[in-house]
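Peer 1:
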């Protein structure tokens, strides 16, 4: 069953993630994951109720080709996600299509992370996962869902995945990163490949990185930020989105 999803905070639905001096987007990390089990319909519904603008979620490929929303490459019972049919997934693990519908109905934007990364059990499925994600997004759009006009971002730590999505699907894409050792080189390459955002780890974010990213035409969405003082500091620096486990706290802090 789908839990009820409240409408998104009305004063923030106009945001489209473009670089600006407006209040940053509140992006609920795996939903309102401090209050509910992450990556579940309940967590995404709570994110809407908390006033989030967007949600962020993780995807893997089930053995039958369905895209499931789950962070790890193994379920809690030890089964590898890519070796389990979607019909046999745990009860609280949603399909991507289900989450997109909930978010569309609630007015939430969606940041879809493509997993199946090097070193993970399902790394060999990365290309098929990206294709499957694009198919789900296209189907959602064909059924009236809003997935392109400022309400969608596809990200991955694996550059080949977002390059594949950008090249074959034309969806907005961004690079997830932990380290930024050569900022100019990384930002220029990301922009030149047609991506629109960089999602860096909070610990590497500086005013200079934000300014350089904006100069390259890239939006900056920082993860994962749960401290109120840090939220305010990042907002003052001009970040475009704050990815947080606590969207209620972020909304209160940034309003």
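In our numbering, the protein residues as written are 2 to 256.
By construction, the Cβ of each residue, glycine as well, lies at the ideal position given by its N, Cα and C atoms.
In three-state terms, what does DSSP make of residue 248?
Peer 2: One-based indexing of the chain shown puts residue 248 at position 247. DSSP, read as helix, strand or coil, puts residue 248 in helix.
Peer 1: Could you spell out the range, first to last residue, of the alpha helix (DSSP H) harbouring residue 110?
Peer 2: Within the chain shown, residue 110 is the residue found at index 109, counting from 1. Per DSSP, residue 110 belongs to no alpha helix (DSSP H); it is in the beta strand (DSSP E), 110-115.
Peer 1: Can you tell me whether residue 31 is helix, strand or coil according to DSSP?
Peer 2: Residue mapping note: residue 31 aligns to position 30 of the chain shown, counting from 1. In this structure, residue 31 counts as coil in the three-state DSSP scheme.
Peer 1: Please give the ranges of any beta strand (DSSP E) in the region 68-111, keeping only runs that are unbroken, at least 3 residues long and fully inside the region.
Peer 2: Whole beta strand (DSSP E) segments, 3+ residues: 68-70.
Peer 1: Using 8 Å for Cβ pairs, my map puts residue 61 next to residue 116. What's the rounded Cβ distance?
Peer 2: The residue labelled residue 61 in the question sits at position 60 within the chain shown. The residue labelled residue 116 in the question sits at position 115 within the chain shown. Yes, residue 61 and residue 116 are in contact; Cβ-Cβ is about 5 Å, under 8 Å.
Peer 1: How is the alpha helix (DSSP H) around residue 153 delimited, first residue to last?
Peer 2: On the chain shown, position 152 is the one that residue 153 refers to. Taken as a continuous stretch (DSSP letters only), residue 153 belongs to no alpha helix (DSSP H), being part of the beta strand (DSSP E) at 153-157.
Peer 1: What separation, rounded to the nearest whole angstrom, lies between the Cα atoms of residue 248 and residue 229?
Peer 2: Residue 248 sits at position 247 when you count from the first residue of the chain shown. Residue 229 sits at position 228 when you count from the first residue of the chain shown. Approximately 11 Å between the Cα atoms of the pair.
Peer 1: With DSSP collapsed to three states, give me the class of residue 62.
Peer 2: Taking the first residue of the chain shown as 1, we reach residue 62 at position 61. In this structure, residue 62 counts as strand in the three-state DSSP scheme.
Peer 1: Measuring only the C-alpha atoms, how far is residue 227 from residue 97?
Peer 2: As a position in the chain shown, residue 227 is number 226, starting the count at 1. As a position in the chain shown, residue 97 is number 96, starting the count at 1. In a straight line, the C-alpha of residue 227 is about 25 Å away from that of residue 97.
Peer 1: Can you check whether the CB of residue 75 is closer than 8 Å to the CB of residue 122?
Peer 2: To locate residue 122, count along the chain shown from 1; it is residue 121. To locate residue 75, count along the chain shown from 1; it is residue 74. Yes, Cβ-Cβ distance for residue 122 and residue 75 is below 8 Å.
Peer 1: Going by C-alpha distance, which of 244, 86 and 83 is nearest residue 1?
Peer 2: There is simply no residue 1 to check, as the chain begins at 2 and stops at 256 in what is shown.
Peer 1: Let me know the alpha helix (DSSP H) ranges lying completely inside the region 187-243, each 4 residues or longer, listed in chain order.
Peer 2: 208-216 and 229-238
Peer 1: Keeping to the same chain, check which residues put their C-beta closer than 8 Å to that of residue 38; ignore five residues upstream and five downstream.
Peer 2: Residue numbering aside, residue 38 sits at position 37 when the chain shown is read from its first letter. Here the set comprises 44 and 93.
Peer 1: Since residue 192 and residue 165 are thought to touch, with beta carbons under 8 Å apart, how far apart are those beta carbons, to the nearest angstrom?
Peer 2: Along the chain shown, one-based indexing puts residue 192 at 191. Along the chain shown, one-based indexing puts residue 165 at 164. Not quite, the Cβ-Cβ distance comes to about 18 Å (not below 8 Å), so this is no contact.
Peer 1: For residue 255, which of helix, strand or coil comes out of DSSP?
Peer 2: Here the question's residue 255 lines up with position 254 in the chain shown. Of the three classes helix, strand and coil, the one that applies to residue 255 here is helix, per DSSP.
Peer 1: Within 10 angstroms of its Cβ, does residue 105 collect 16 or more other Cβ (buried), or is it exposed?
Peer 2: Translated into positions along the chain shown, residue 105 becomes position 104. Per the 10 Å Cβ criterion, buried.
Peer 1: Ordered along the chain, which non-local residues of its own chain (more than five positions away) have a Cβ less than 8 Å from that of residue 250?
Peer 2: Start at 1 with the first residue of the chain shown, and residue 250 comes out as number 249. The answer, listed in chain order, is 227, 229 and 232.
Peer 1: If you drop the 5 nearest sequence neighbours on each side, which residues of the same chain put their C-beta closer than 7 Å to that of residue 225?
Peer 2: Locating residue 225 in the chain shown gives position 224, counting from the first residue. If we look at residue 225 and ignore the five residues flanking it on each side, its Cβ neighbours are 30, 203, 244, 245 and 246.
Peer 1: From residue 134 to residue 182, what does the alpha carbon distance come to, in whole angstroms?
Peer 2: For the purposes of this step, residue 134 is identified with residue 133 of the chain shown, where counting begins at 1. For the purposes of this step, residue 182 is identified with residue 181 of the chain shown, where counting begins at 1. If I take the Cα positions, the gap works out to 30 Å.
Peer 1: Tell me which residues share the same chain as residue 35 and place their Cβ nearer than 6 Å to its Cβ, disregarding the 5 neighbours each side in the sequence.
Peer 2: The residue given as residue 35 occupies position 34 in the chain shown. These residues qualify, in order along the chain: 246 and 247.
Peer 1: How big is the Cα-Cα spacing for residue 49 and residue 95?
Peer 2: On the chain shown, position 48 is the one that residue 49 refers to. On the chain shown, position 94 is the one that residue 95 refers to. Going from the Cα of residue 49 to the Cα of residue 95 covers about 17 Å.
Peer 1: Got a sec? Which residues, its chain only, sit under 8 Å from residue 65 by beta carbon, not counting five neighbours each side?
Peer 2: Along the chain shown, one-based indexing puts residue 65 at 64. Cβ within range, chain order: 86, 87 and 88.
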